[in-house]
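Under the working numbering, the first residue of the first sequence is numbered 326, with each subsequent residue one higher.
Backbone N, C-alpha and C fix where the C-beta goes; we use that ideal spot for every residue, glycine too.
Written below as structure tokens is the structure these notes are about.
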Amino acid sequence: MQRAIALVDCNNFYVSCERLFRPDLENRPLVILSNNDGCVVSRSQEVKDLGVPMAAPWFQLKDMAKKHGIIAFSSNYTLYADISNRVMQLLSQFSPLQEIYSIDECFLELTGMNELTRYARHMRATLRQSIGIPVCVGIAASKTLAKLANHVAKKQPGYKGVCNFNELPEDRLDTLLNKISVNEIWGVGRRTTLRLQEMQITSALALKRAPAKRIRAEFGVVLERTVAELNGAACLELDEITPPRSQIICSRSFGVSVSNLFELEQAVIAYTSRAAEKLRSQHAMASCIQVSLRTNPHKPQEPQYQSATTVPLSAASDDTRLLCHAALGGLRHIYRSGYAYQKTGVMLSGIVAERPRTLFDDVAAQEKSGALMATLDQINRRMGSGTVRLLGEGISKDWAMKQRNMSRRYTTKLDELAVANA
DNA sequence: TCTGGGGTCCTAGGACCC
DNA sequence: TCTGGGGTCCTAGGACCC
């Protein structure tokens with residue numbers, strides 16, 4: 326039986342989320358910016374048509390934005406995460422097996438089902454009607470091909486948002502693959518594209534036909550698998566449950582550069598608190614915490630410095646206070662005065678499901694810590710993130726991110742609900 | 001003025017062991 | 001003169017993804 330895997334991908338996801346609550350922005354050029362309003366991370370079709378590339382720095386686009394009336398929003402991840410959950414929940418009803426691959430896309434196992442193209446159209450229409458988010462669907466015999474089918478569904482209006490490679494005869498599929506540049510393939514990035522081009526492999530079809538052994542020798546097992554997948558052999562299985570993270574990162578650029586240790590300490594405490602919260606949400610403990618620090622590499626005229634250090638904990642823990650203590654020790658170790666820092670971050674690693682018991686455990690203290698952290702998380706979940714936090718984070722937070730154009734959290738905050746005017 | 005944040009996987013090389 | 005062959009574990013760095 327032929328394998329059938331669908332890749333469902335939301336169109337311009339963040340832009341579509343904003344438009345749900347601002348229908349007046351339909352058909353208008355709209356971008357969503359990264360943290361600190363730095364780069365463009367989501368573009369409406371109108372903006373793509375103007376030639377604005379992904380990840381373009383916003384400050385370079387100001388003139389163009391004025392000329393064409395481009396509207397910019399700061400990113401509102403609370404809103405996007407909530408809409409994403411609704412989309413994924415609805416899509417899960419269309420297949421016994423779903424892998425949520427990212428905030429805006431998922432794979433669905435459809436092997437053995439009939440009339441897949443029609444089924445996918447129905448799926449698309451249901452999402453549009455009940456949530457309002459537009460999606461495209463690609464169907465094929467492997468994940469890599471499903472990604473390409475989705476690409477075709479997005480780029481070629483003739484397919485009306487659904488492209489099923491499995492129903493195309495081999496020669497028509499190859500004609501399509503011949504027109505797709507090799508860098509559009511999942512797993513082929515900038516560096517690999519350049520090296521493939523030197524070998525005259527420039528299209529998806531050329532890579533499909535490349536000798537697997539040679540690809541293996543030149544590029545390694547990952548790209549060899551890609552070649553097999555392009556030939557319709559599914560090497561990558563669907564992962565239904567997301568495995569617990571093996572590392573948890575929280576790092577952010579500052580709104581303004583920071584030189585003094587005191588403010589860096591505030592940021593490190595804030596990021597460690599956030600990382601510890603994520604850690605507890607997956608019921609895990611960390612045995613190491615890494616702290617990193619760097620100046621702004623985009624300002625080469627200023628003195629540059631970057632460093633990182635990993636601090637092992639005496640025992641794995643999920644206690645914000647212990648993790649902060651370790652992180653601050655690391656920060657003081659790598660901190661040098663006289664630099665304008667742009668970014669700091671923490672990374673939790675050595676993540677284990679439960680702390681191994683030792684002879685020296687202070688069980689009472691552990692239970693107390695667990696109860697305190699559980700209460701903290703509960704309050705912050707109910708009353709909003711950051712309601713209760715360590716004082717060391719600081720109150721004024723002069724270093725915090727810039728988010729000038731943030732939309733409201735329409736779906737998760739009572740006082741930010743959409744208002745209907747009679 | 002102004003350039004994201006959070007992940008994964010693979011590989012190479014060093015240290016160490018028998 | 002001559003200097004093994006594997007295996008494991010760890011880390012750093014590269015490449016890629018969204």
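Cα-Cα separation, residue i to residue j
i, j, result
"residue 377", "residue 504", "23 Å"
"residue 607", "residue 740", "29 Å"
"residue 637", "residue 650", "12 Å"
"residue 722", "residue 736", "27 Å"
"residue 582", "residue 356", "25 Å"
"residue 517", "residue 647", "43 Å"
"residue 400", "residue 361", "9 Å"
"residue 657", "residue 626", "25 Å"
"residue 612", "residue 746", "53 Å"
"residue 415", "residue 661", "51 Å"
"residue 359", "residue 577", "11 Å"
"residue 623", "residue 666", "12 Å"
"residue 604", "residue 572", "9 Å"
"residue 601", "residue 640", "15 Å"
"residue 384", "residue 391", "12 Å"
"residue 687", "residue 379", "52 Å"
"residue 642", "residue 502", "50 Å"
"residue 701", "residue 579", "26 Å"
"residue 523", "residue 584", "46 Å"
"residue 705", "residue 445", "39 Å"
Burial state of residue i, where buried means 16 or more other Cβ atoms lie within 10 Å
i, result
"residue 506", "exposed"
"residue 664", "buried"
"residue 698", "buried"
"residue 677", "exposed"
"residue 644", "buried"
"residue 448", "buried"
"residue 429", "buried"
"residue 546", "exposed"
"residue 744", "exposed"
"residue 614", "buried"
"residue 425", "buried"
"residue 703", "exposed"
Proximity below 8 Å, CB of residue i to CB of residue j
i, j, result
"residue 716", "residue 659", "no"
"residue 529", "residue 509", "yes"
"residue 457", "residue 478", "no"
"residue 598", "residue 714", "yes"
"residue 669", "residue 589", "yes"
"residue 460", "residue 334", "yes"
"residue 372", "residue 348", "no"
"residue 570", "residue 560", "no"
"residue 552", "residue 537", "yes"
"residue 451", "residue 487", "no"
"residue 512", "residue 548", "yes"
"residue 350", "residue 396", "yes"
Nearest residue (CA-CA) to residue i, options the options
i, options, result
"residue 563", "466, 458 and 676", "466"
"residue 344", "518, 367 and 361", "367"
"residue 498", "387, 580, 550 and 557", "557"
"residue 422", "438, 613 and 380", "438"
"residue 326", "383, 338, 363 and 435", "435"
"residue 278", "398, 634, 701 and 524", "The question about residue 278 has no answer, for the chain in this structure spans 326 to 747."
"residue 346", "380, 408 and 496", "408"
"residue 374", "652, 352 and 614", "352"
"residue 595", "330, 382 and 719", "719"
"residue 728", "382, 398 and 587", "398"
"residue 417", "525, 381, 533 and 331", "331"
Residue i Cβ short of 7 Å to the ligand NAP heavy atom set
i, result
"residue 559", "For the structure depicted, the ligand NAP is absent and the ligand set is empty, with no information on it obtainable."
Q. Below 8 Å, can you find three or more Cβ-Cβ pairs linking the segment 482 to 494 to the segment 563 to 576?
A. In short, these stretches do not touch, since the Cβ pair count stays below three.
Q) Do the segment 725 to 734 and the segment 394 to 404 meet, that is, are 3 or more Cβ pairs less than 8 Å apart? A) Contact holds between the segment 725 to 734 and the segment 394 to 404, because three or more Cβ pairs, one in each stretch, are under 8 Å apart.
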